[in-house]
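Undergrad:
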Amino acid sequence: MRNPAALGIAALASLLLAGCGGPAAEEPPASETTTKTGQPSPDDTSSPLPERTAPAKAFQLTDVCDLVPENRWRALGANQPPESRDSNGNRVCQYQKGKAGEAGSWSVSLGKNRARGLNESIQAHPDGEEVSVAGYPAYKSETSVGCLYYVDVSEEASLLVSGVSSISDDGTIPTKCGLFKKFAAAAVENLPDA
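Read in order, the letters of the sequence shown correspond to residues -25 to -1, 1 to 169 in mature numbering (1 follows the signal peptide of the UniProt record, and there is no 0).
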């Protein structure tokens, strides 16, 4: 029997991962921003991540669900048709295994991060770490139910990847960050060069 309270917590956590919850961190002075280390940076557009040396990507897709080709999302274990949806000002595509709330199910949403700049997105999740996704600098933030990635693919916007896992039959929530990173890599590889 599933625990309704735990399922509710998992649903709430997915909203938080999408970037819509919790009080904002204390605002920096209007004349400067701060990086995730708390050090002032010269402007809002500079990335707190290492410099991107790979070619800039373009978000030139007919449909957001073209981010990850069908053969790739199926190979990665998604077994539900992808769904385009709005998530806090971002148009994302959700790829999913199982039905929401089923034991062992998971979902990952990918899209262009329009709602915030890379600095602001990272500041909203200060406990994360710098990683690399398909040769691009990225930032990963992990919680008990999932992972959030921001991948610096262009000056236009970062790639937003938000994944959550449901409770398994034994009551644990398996970490799927490695799987969600593979979705991020598939999207980066599929985006055309700018």
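For glycine and all other residues, C-beta sits at the position ideal for the given N, C-alpha and C.
Taking DSSP's pairing of strands, which residues face S66 in a bridge?
TA: Here residue 66 is Arg; the residue named in the question, Ser, does not match the sequence. Answer is D61.
Undergrad: Along the chain, where does the alpha helix (DSSP H) containing A160 start, and where does it finish?
TA: Looking at the DSSP string, the run of the alpha helix (DSSP H) that includes A160 is C152 to N165.
Undergrad: Return the chain-ordered list of same chain residues with a C-beta closer than 6 Å to the C-beta of R66, the five sequence neighbours on each side being excluded.
TA: These residues qualify, in order along the chain: V39 and G86.
Undergrad: Can the beta-carbon of F155 be found less than 9 Å from the beta-carbon of V126?
TA: Cβ distance not < 9 Å, so F155 and V126 don't count as in contact.
Undergrad: So what's L93 in DSSP terms, helix, strand or just coil?
TA: Here L93 sits in helix by DSSP.
Undergrad: Let me make sure I understand the geometry here. Which of N88, D168, V163 and A78 has the alpha-carbon closest to that of D61?
TA: The candidate whose alpha carbon is nearest that of D61 is N88.
Undergrad: I believe L51 touches K157 by the beta-carbon criterion, under 8 Å. Please report the beta-carbon distance rounded to the nearest angstrom.
TA: With 8 Å as the limit, L51 and K157 qualify as a contact, their Cβ atoms being about 6 Å apart.
Undergrad: Where does A99 land, buried or exposed, given buried means 16+ other C-beta within 10 angstroms?
TA: A99 comes out buried.
Undergrad: So, under 8 Å CB-CB, S59 and Y70 are touching, yes? Tell me the CB distance rounded to an integer number of Å.
TA: Not confirmed; about 11 Å, so no contact.
Undergrad: Return helix, strand or coil for Q71, following the three-state DSSP convention.
TA: The answer is strand: DSSP assigns Q71 an E or B state.
Undergrad: With a threshold of 16 other CB atoms inside 10 Å of the CB of A53, please say whether the residue is buried or exposed.
TA: Buried.
Undergrad: Compute the Euclidean distance between the alpha carbons of Y111 and P44, then round it to the nearest angstrom.
TA: If you take the alpha carbons of Y111 and P44, they lie about 20 Å apart.
Undergrad: Comparing C-alpha positions only, which one of V106, Y114 and G79 sits nearest to E95?
TA: Ranking the options by Cα distance to E95, first place goes to Y114.
Undergrad: Nearest to V163 by CA position, among G138, A75, L134 and V139, is which residue?
TA: Of the listed residues, the one whose Cα sits closest to V163 is L134.
Undergrad: In chain order, what residues of the same chain lie with their CB nearer than 7 Å to the CB of Q35, ignoring the 5 residues before and after it?
TA: Closer than 7 Å at the Cβ level, and outside the excluded window around Q35, lie P167.
Undergrad: DSSP three-state call for E2: helix, strand or coil?
TA: Bear in mind that the predicted position of E2 carries a pLDDT of just 31, short of 50, making it unreliable; the figure below should be weighed with that in mind. Reduced to three states, the DSSP call for E2 is coil.
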